[in-house]
Each structure stands twice: as structure tokens, then as C-alpha cells.
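Residue 244 in full-length UniProt numbering sits at position 244 of the sequence shown, and the numbers go up by one each step.
For every residue, glycine included, the Cβ atom is placed at its ideal position computed from N, Cα and C.
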Amino acid sequence: PSPPPSPPSPPPSWYSSLTPTPTPAPTPWFFNIPSPTPSPTPTPTPIFNVPAPTPVPAPAPTPVPVPVPVPTPLPVPTPTPTPAPTPFFLWGGNNKPTPAPTPKPTPAPTPAPVPVPVPVPTPVPAPVPVPTPVPVPVPVPVPVPVPVPEPRPVFPSGSDGIDWVALGKVTPPKQQSSCGSCSMFVAASLIESELLIANKYNTRLDLSEQEMVSCVNRQHSPWNGYGCNGGWVDNNINYVNWKGLNKEASWPYINAQGACNRDTNPSGGDAVQLASGATRVYPASNEQALKNALLTGPVGVLFAAQSDFMNYRGGIYNPARCSDVVNHAILLVGYGRDAASGQWFWKIKNSWGDRWGEGGYARIAMTGDGYGVCAMQRYAYKSASQFSNSYLSEPWQ
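See the structure below:
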């Protein structure tokens, strides 16, 4: 026969906490007989003397932590106010129900008055004052100042003299060099001084002598000029009256005859033109007539120059002998009396440079009527123009 089965191992201690406790069967009420006690089953004797293996206790399983549920807080019920019990009244006697006092109505609060927005009046724009029109001043035309000629100095007869150089009405002496152009230098100087005296320009005018040297001659004009071989003061003045005259800057001096290219000169343009020609001073041999002619400005005269005059260094020139055949032209610019000697003299401007004589000037003795010293009183010329219309295309700059 098979050995009896081994008794089951007792369950672990933690198992009892999980095994529900069996609910005892109710005792039937209709029987009052106790249940029989079961007889114990005898333990069979093993047929082999083999010790039973000691059961190895199973390792206790690691208990799985049971999550503790967090109780959800229940909402606290709002207690419903228990209505007051309606009083039970017995009828009869004074057991009348006392009427509940009528509650006085609580007056509703008077609402605050809602402010009605007051419309803001639209500001009426102030009337803009219309500016009174300011009369625009009409510009008064500014009159262009017309240069008033300086009054010519009045030198009474018998005065101590005249000096147009000291009055600033004479242009500086120039150098004619080897060209025989003295009459052209005198004509140009005479016109320059006349313009200064007439106050036509605010500065000194420098006219071209070269134009007259090149153009006032027998080949180019009817004025009997000879270029570097000589000429006449009045012929040169008449040329300027007819043709006009350029400035020195436009036609500079070259100390030679040169070509008369007046009509094709690229830098041309007349600086001056005379309203009339030259005039002779009559009678030139009268000393007083020359003094009177000097009252209105310098005078061009002819002179018989000789070697001692060429070597003049200063003082009053009065040679013992001198020819009356003129060969040179000079400009008479004044007269006076020497303070040391009391000698009267003519003051002249030459064209031999400012190193000659007294800075380009000389004093020649007065000898009374007649031709004077070296015939300087024989021929005398002035411009007949009063220079009221004596300039042309461009003012002097």
C-alpha cells in the first residue's frame, strides 16, 4: 500500500490575516440534536524507517505595501434652518393666536442720483483779428551819384604859382627810351591830367602811348606822324579825338614803331575818346597867356633840347645860349618862385624816366615875353575838349 500522505504544512502566519474567518453554520432550529463528534483518524505507521524530510520553510514573501487610500473630504452640509413650528392654538377663551407682528417694510435705499453729464459747450473760437495791411513802402529810387567835378583851382594873376603835381592831377613820369615818341607821351599825359582834373575817374588813367606811335603816321593816318621819328602834340590829340585811345594795359609800350593793329587788337577797347581836338595857345610868346592857360590844367609845349639839358640834375635850368629850333616835347605843369633866389621858373614834366632831373621833373627859368628859354614859349597846346563826353566803352578799373 502507498505510504500515507504527509500532513500539509501549516500556512504561514501572514496568511491567516488574509484568509477570511469561516462563518459557522447556523444550528438548525428544527433539530435539537447535537452534532456527532468525529473520531480522530489514527495516524498510520510508516512502513519504512526513513525519517521524513524536514520541510524547508519557504521564504516569506516581501509584503507588497498596500496603498493607504486618502479619504476624500466630504463636503460640510450647510445646515438648513429649521422653520419655527407653527404654534398650536386651542380654540376658546383667550387662547387666540397672537398675530405675528407685521414686519415694517424696510425702506429701500434711495439710489444716489446719477449725475447727468452736463454737455461741455463748444468753445466759440475767438475772432482772429484781421491784421491791418501794412503799406509796403515803395522803394525810393536811390539816385546814382553823379561825380561832381572838383572845382578847378583859381589862381589869381600874380600869385606865387601853380603846381598841378602837388594837387595830384599829374600822372607819374615815364620813360620813352630811344624811340622819338616824346610828343605821344606829352599827348597822353595831357589827356590823363585833364581827366583827373575833370574827376572822371577815381584813379589815375594810364593811356597807351604805343597806339599813337604805331598808328599816328603818314602810312596809316592823315595826321603827319612819324612814329619813332617824331610827331606833333596837336596831331596826336586830334587822333584821339577821331579814333579814341586804348589803355596802356591793352596796348603796352614796346619802344619801337610796331604795327597798327588797332582794328584787330584782341585786347582792345577804347578807354577814352575826346569830344574835340587840340587847340593852340595864342599868343604863346606871351608869358601871361601861358600862366592863364595853366589855370585850367597842364599845357603841352615844344622845347629846343641840347646836351646840357639831357644832363640836367636839378636846380633852375637857364643856359647861356640855346637854339630856338624845337626838337622835343614836354608837359608844362606849373610855375613858381624859388624861395632862396627869388627866381621865377616854369615846372615841366619830362619823358626820360624818374631818374632824370628832379624825379623826372625840371624847373626852367622864366625870362619874360618872347620865345623864352630854348623856345619853350613858342608852341603850346591844350585839348579843346571839356571832357563832358570824353570817354567811351569802358570805365577805368
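**Prompt:** Ala380: which of Pro125, Gln176, Asp234, Pro119 sits nearest, CA to CA?
**Reply:** Asp234
**Message:** I'd like the list of long-range same chain contacts for Ala329, defined as Cβ closer than 6 Å, with 5 residues on each side in sequence excluded.
**Reply:** Cys182, Ser183, Val186, Val233, Leu302
**Message:** By the three-class DSSP mapping on this structure, what secondary structure does Ile364 have?
**Reply:** strand
**Message:** Can you check which of these residues, Cys374, Phe345, Glu358, is closest to Tyr335 by C-alpha distance?
**Reply:** Phe345
**Message:** Please tell me whether Trp164 and Gly314 are closer than 8 Å, where the distance is taken between their beta carbons.
**Reply:** no
**Asked** Cβ of Lys169 within 8 Å of Cβ of Ser193?
**Response** yes
**Message:** Taking the beta carbon of Gly244 as the centre, do at least 16 other beta carbons fall within 10 Å, making it buried, or is it exposed?
**Reply:** buried
**Prompt:** Considering only C-alpha positions, which residue in the set Leu167, Ser351, Val213, Val326 is nearest to Leu196?
**Reply:** Leu167
**Asked** What is the rounded straight-line gap between the Cα of Pro131 and the Cα of Leu205?
**Response** 57 Å
**Message:** Report the start-end ranges of each alpha helix (DSSP H) in the stretch 291 to 353 that is 4 residues or longer and not cut off at the edges.
**Reply:** 307 to 310
**Message:** By the three-class DSSP mapping on this structure, what secondary structure does Ser183 have?
**Reply:** helix
**Request:** Please state if the CB of Ala259 and the CB of Ser214 are separated by a distance shorter than 8 Å.
**Result:** yes
**Prompt:** If you count every other CB in all the chains shown that lies within 10 Å of the CB of Leu295, and 16 or more means buried, which is it?
**Reply:** exposed
**Request:** Specify the secondary structure class of residue 399 as computed by DSSP and reduced to three states.
**Result:** Since the displayed the chain opens at 1 and closes at 397, residue 399 lies outside it and no answer follows.
**Request:** Can you tell me which of the three DSSP states Gln288 falls into?
**Result:** helix
**Asked** Is DSSP giving Thr132 helix, strand or coil here?
**Response** coil
**Message:** Less than 8 Å between C-beta atoms, sequence neighbours within five positions excluded: which residues of the same chain meet that for Ala305?
**Reply:** Asn327, His328, Cys374
**Which of helix, strand or coil DSSP assigns to Val120** = coil
**Request:** Please go through the same chain and pick out, in chain order, the residues whose beta-carbon is closer than 7 Å to the beta-carbon of Lys247, but skip the five residues on each side of it.
**Result:** Asp206, Leu207, Ser208, Ala271
**Request:** Please state whether DSSP places Gln257 in a helix, a strand or coil.
**Result:** coil
**Request:** Let me know the secondary structure DSSP gives Lys243 once reduced to three states.
**Result:** helix
**Message:** DSSP has Gln175 in a bridge; who is on the other side?
**Reply:** Trp352
**Option in Asp369, Arg337, Gly353, Ala112 with minimal Cα separation from Arg363** = Arg337
**Item:** Nearest-angstrom beta carbon gap, Ser189 and Lys349 [assumed within contact, 8 Å]
**Value:** 6 Å
**Request:** Classify Lys382 as helix, strand or coil using the three-state DSSP reduction.
**Result:** strand
**Asked** When the Cα of Gly180 is compared with those of Gln210, Gly230, Glu287, which residue comes out closest?
**Response** Gly230
**Message:** I need the straight-line Cα distance from Trp251 to Asn261, nearest angstrom please.
**Reply:** 10 Å
**Asked** What's the C-alpha gap between Ala293 and Met376?
**Response** 14 Å
**Message:** Is the separation between the beta-carbon of Tyr317 and that of Ala256 shorter than 8 Å?
**Reply:** no
**Prompt:** If you run the structure through DSSP and keep just helix, strand and coil, what is Leu205?
**Reply:** coil
**Request:** Can you give me the Cβ contacts of Ile254 inside the same chain, cut-off strictly under 8 Å, excluding the 5 residues immediately before and after it?
**Result:** Gln210
**Prompt:** Excluding five sequence neighbours on each side, which residues of the same chain lie with their C-beta closer than 8 Å to the C-beta of Asp324?
**Reply:** Ala304, Tyr371, Cys374, Ala375, Arg378
**Request:** Identify which residue in Pro319, Trp356, Arg321, Gly360 has its Cα closest to the Cα of Val333.
**Result:** Gly360
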